[in-house]
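Under my numbering, think of the first position of the sequence shown as 1, with each following residue one higher.
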Amino acid sequence: MNDSTKASSAQALTIIYGALAAGVFLFAAIVLLVLEPIDSVVDPTVMRLVWFGLAAVAVFGAGIVRGRLAGGDPQRSRTGAIVVWALAEGQALVGIVGTMITGDRIMTYGALAIFVWIWLRYPPRSFLSD
1 MNDSTKASSA QALTIIYGAL AAGVFLFAAI VLLVLEPIDS VVDPTVMRLV WFGLAAVAVF
61 GAGIVRGRLA GGDPQRSRTG AIVVWALAEG QALVGIVGTM ITGDRIMTYG ALAIFVWIWL
121 RYPPRSFLSD
């Protein structure tokens, strides 16, 4: 992949990820700052365990997907990047919704921390290296 193609692919991935991140942070802000927890029969401990399990899948899955799909073919690299970030977004959304239905803010804070960690660990350019 030549340098101009690599730069434009990295820029496109950065835009996609920026949109994903903006949605997650906006949703978290609304849940933390605006909404009151709804009455729920879900035990916060159960919701925390569900979120923690998905967070673990996201962290380990991101490493596996990154290792198998990054570099080489640009299409596979873009696919890998989007799958990794979808894993990060999925665990974040479950944590935020968990806060919304239980009032337990720890899930949102933890989910956002993992989301940012995956963002920093697997930036767009890391998927395009050869």
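We put the beta carbon where it would ideally sit given N, CA and C, even for glycine.
Everything numeric in this text was worked out from a predicted model, so none of it was measured.
Please confirm whether Trp-119 and Ala-88 have their CB atoms less than 8 Å apart. yes
On the premise that Phe-115 lies in contact with Ala-92, defined as a C-beta separation below 8 Å, what is that separation, rounded to the nearest angstrom? 4 Å
For the putative contact between Gly-110 and Gly-95, defined by C-beta atoms under 8 Å, what is the C-beta separation to the nearest angstrom? 6 Å
Cβ-based neighbour list, Val-31, same chain, cut-off 6 Å, excluding 5 preceding and 5 following: Ile-96, Thr-99, Met-100
What alpha helix (DSSP H) runs, 4 residues minimum, are completely inside the stretch 67-94? Whole alpha helix (DSSP H) segments, 4+ residues: zero.
Expressed to the nearest angstrom, what Euclidean distance is found between the alpha-carbon atoms of Thr-108 and Asp-43? Rounded to whole angstroms, the gap between the alpha carbons of Thr-108 and Asp-43 is 16 Å.
DSSP state of Val-42 mapped onto helix, strand, coil: coil
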